[in-house]
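**Student:** Every number in the numbering used here is 86 more than the matching position in the sequence shown, counting from 1.
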Amino acid sequence: RSTRPLACGVLADFNARFGKEPRNPKDMHRPLAVHENLDGAMCRKEVRKLSQTLTLRYDKVLFILDPTADAKRLAGQKVIVCDYPDGRLEVMHEGITLPYTTFDKLRSVQRTEIVENKRLDDVLA
Numbered sequence: 087r088s089t090r091p092l093a094c095g096v097l098a099d100f101n102a103r104f105g106k107e108p109r110n111p112k113d114m115h116r117p118l119a120v121h122e123n124l125d126g127a128m129c130r131k132e133v134r135k136l137s138q139t140l141t142l143r144y145d146k147v148l149f150i151l152d153p154t155a156d157a158k159r160l161a162g163q164k165v166i167v168c169d170y171p172d173g174r175l176e177v178m179h180e181g182i183t184l185p186y187t188t189f190d191k192l193r194s195v196q197r198t199e200i201v202e203n204k205r206l207d208d209v210l211a
């Protein structure tokens with residue numbers, strides 16, 4: 087079920103009651119320059135220590151860094167995990183993004199079929 091229509095209705099009601107016309111109708115917003123990056127300001131940053139095996143844990147997920155020259159040099163040091171609002175995650179050190187793979191224990195555990203005790207020997211065989 088989507089809440090978007092409800093949010094649009096609430097926003098329209100709020101603007102009708104509290105909205106004001108600007109004194110100056112000129113739009114003073116400026117476009118972002120090429121060198122300006124808002125992604126870094128909009129992400130949640132957390133510091134993690136990189137293990138000697140190039141792994142770290144964040145949000146119950148194990149991050150395994152690719153064994154690049156940069157990553158090997160950082161073993162045992164602190165890195166920053168950037169969690170963006172759109173769901174992306176980056177592992178960074180001094181502005182350099184480090185490639186990684188993830189291993190999620192919670193998602194990798196598969197539930198098996200529940201069987202009766204009488205049939206257990208057949209299932210395990």
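All C-beta atoms, glycine included, are put in the ideal place defined by N, C-alpha and C.
Closer than 8 Å is the cut-off here; do at least three beta carbon pairs connect the stretch 135-150 with the stretch 159-169?
**Tutor:** As far as the Cβ criterion goes, the stretch 135-150 touches the stretch 159-169, which means the pair count is three or higher.
**Student:** Counting only beta-carbon separations shorter than 8 Å, does MET178 have a partner in chain B?
**Tutor:** Reference to chain B is not applicable here, since this structure consists of a single protein chain.
**Student:** Verify whether the separation of the beta carbon atoms of ILE182 and VAL133 is less than 8 Å.
**Tutor:** Taking the first residue of the sequence shown as position 1, residue 182 is located at position 96. Taking the first residue of the sequence shown as position 1, residue 133 is located at position 47. For ILE182 and VAL133, no; Cβs fall outside 8 Å.
**Student:** Would you kindly report the start and end of the unbroken alpha helix (DSSP H) that includes LYS131?
**Tutor:** Within the sequence shown, numbered from 1, the residue matching residue 131 stands at position 45. Premise fails: LYS131 lies in the beta strand (DSSP E), 130-135, not in any alpha helix (DSSP H).
**Student:** Leaving out five residues before and five after VAL120 in sequence, what residues of the same chain have Cβ atoms less than 6 Å from its Cβ?
**Tutor:** In the sequence shown, residue 120 corresponds to position 34, counting from 1. Here the set comprises nothing.
**Student:** Take LEU124 as the anchor and find which of TYR170, ASN101 and VAL147 has the nearest alpha-carbon.
**Tutor:** Here residue 124 refers to the residue found at position 38 of the sequence shown. Of TYR170, ASN101 and VAL147, the residue nearest in Cα terms is TYR170.
**Student:** Tell me the rounded alpha-carbon separation between ASP99 and ARG109.
**Tutor:** For the purposes of this step, residue 99 is taken as residue 13 along the sequence shown, with counting starting at 1. For the purposes of this step, residue 109 is taken as residue 23 along the sequence shown, with counting starting at 1. Rounded to the nearest angstrom, the two C-alpha atoms are 22 Å apart.
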